[in-house]
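Down below is the structure, laid out as structure tokens.
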Amino acid sequence: MNSKGLDYAALLVLITLAGSAMLYLQVSKKWDAINSKQLGELQESILEVESQVRLYEAFVRSAARRSIEKVALSSIRKPSLQGFEGVGCSVLNSFDNPRVLLSHDLFNALSKELNSEIDKYLLEYNRKAEGVSAPLNNFVFYFEKGRVKGVALKPTIFSRKGLVFSVRPSFDVIFPHMFERYVASYEVLESIAERCALSADVESCAKDVPQGWSVERSGDRFTFKVPFNVDSACYVLFLPGQSLDSNQS
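As structure tokens, then:
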């Protein structure tokens, strides 16, 4: 083989190597561009979901505050929201066993009503927000003086462009709900039932109440009005006095 043949072969190898290198660079640039685009889209999707999550958490806090305000007002006049049956005044004892208050669960009743109110907002949110699944009847509540805390039991799921996020919202609402006033009122009424149910002077005994309370009698039925801001809660005790004691003896 002559020198020209060798030169041509060497040149061909160089051209092939150079072409391969250029092709590699072009493919690498395109791949980097594709990866950059995908990464940018991914970051954008993540930011969008994070923004939606923050807005959702703010929405839940607002819904909780409105629900607490509503339940705080409604519970004054609705026995069911304090764990009692019936409508009108809450009946706390029975004629046959007047010294013992009927069992009830105040905070369980309040929790059920709060979940029911918050669910109204979440149903609307689920209907309008795309890719969101917020569970209903989902909060456990902690009642403290002047505040209510809530924590979701199950997470809310957000899905967007193949991404799935979950968040378990919570809130701490400071509001003068006065739910603790119910407990204090029950304690006073329980004391009245124990002291006065079989008293010889049941009326005088029953009217020994805290300042601001009012008492009305209709036979053995005593109605107590307990002030709560601009409204009053209404409770009934059956206090038959010694008439029941003599009948039982």
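Going by this note's numbering, the first residue of the sequence shown is number 29, and it counts up by one from there. For each residue, glycine too, the CB sits at the ideal point set by N, CA and C.
query, result
"Range of the contiguous alpha helix (DSSP H) that encloses residue 135", "134 to 156"
"Separation of residue 255 from residue 125, as counted between CA atoms", "27 Å"
"Per DSSP, cross-strand counterpart(s) of residue 2", "The structure shown does not extend to residue 2, since the chain is modelled only from 29 through 277, so no value can be given for it."
"Bridge-paired residues (DSSP) for residue 161", "185"
"Spatial neighbours of residue 242 in its chain, beta-carbon cut-off 7 Å, leaving aside the 5 residues before and after", "253"
"Spatially closest choice to residue 269 from 219, 123 and 186, by CA coordinates", "123"
"Contact check, residue 184 vs residue 84, beta carbons under 9 Å", "yes"
"Backbone secondary structure at residue 129 - three-state DSSP", "coil"
"Alpha-carbon spacing of residue 249 relative to residue 203, whole angstroms", "35 Å"
"The segment 132 to 152 / the segment 224 to 240 touching (three or more Cβ pairs under 8 Å)", "no"
"Buried or exposed (CB count within 10 angstroms, at least 16 for buried), residue 246", "exposed"
"Where the alpha helix (DSSP H) through residue 123 begins and ends", "From DSSP, residue 123 is part of no alpha helix (DSSP H); its letter is neither H nor E."
"Residue 259 burial status per 10 Å Cβ neighbour count (16 or more: buried)", "exposed"
"Any non-hydrogen atom of the ligand ATP closer than 8 Å to residue 121 Cβ", "Because no ligand of any kind appears in the structure shown, any question about the ligand ATP cannot be addressed here."
"Counterpart residues of residue 255 in DSSP-defined beta bridges", "260"
"DSSP state of residue 243 mapped onto helix, strand, coil", "strand"
"Buried/exposed call for residue 239, threshold 16 Cβ in 10 Å", "exposed"
"Beta carbon of residue 164 nearer than 9 Å to that of residue 150", "yes"
"First through last residue of the alpha helix (DSSP H) which encompasses residue 113", "Where residue 113 is concerned, there is no enclosing alpha helix (DSSP H), given that its DSSP letter is neither H nor E."
"For residue 226, the three-state DSSP class (helix, strand or coil)", "coil"
"contact_flag[the segment 89 to 105, the segment 191 to 207] where n(CB pairs < 8 Å) is 3 or more", "yes"
"C-alpha gap between residue 157 and residue 87, whole angstroms", "12 Å"
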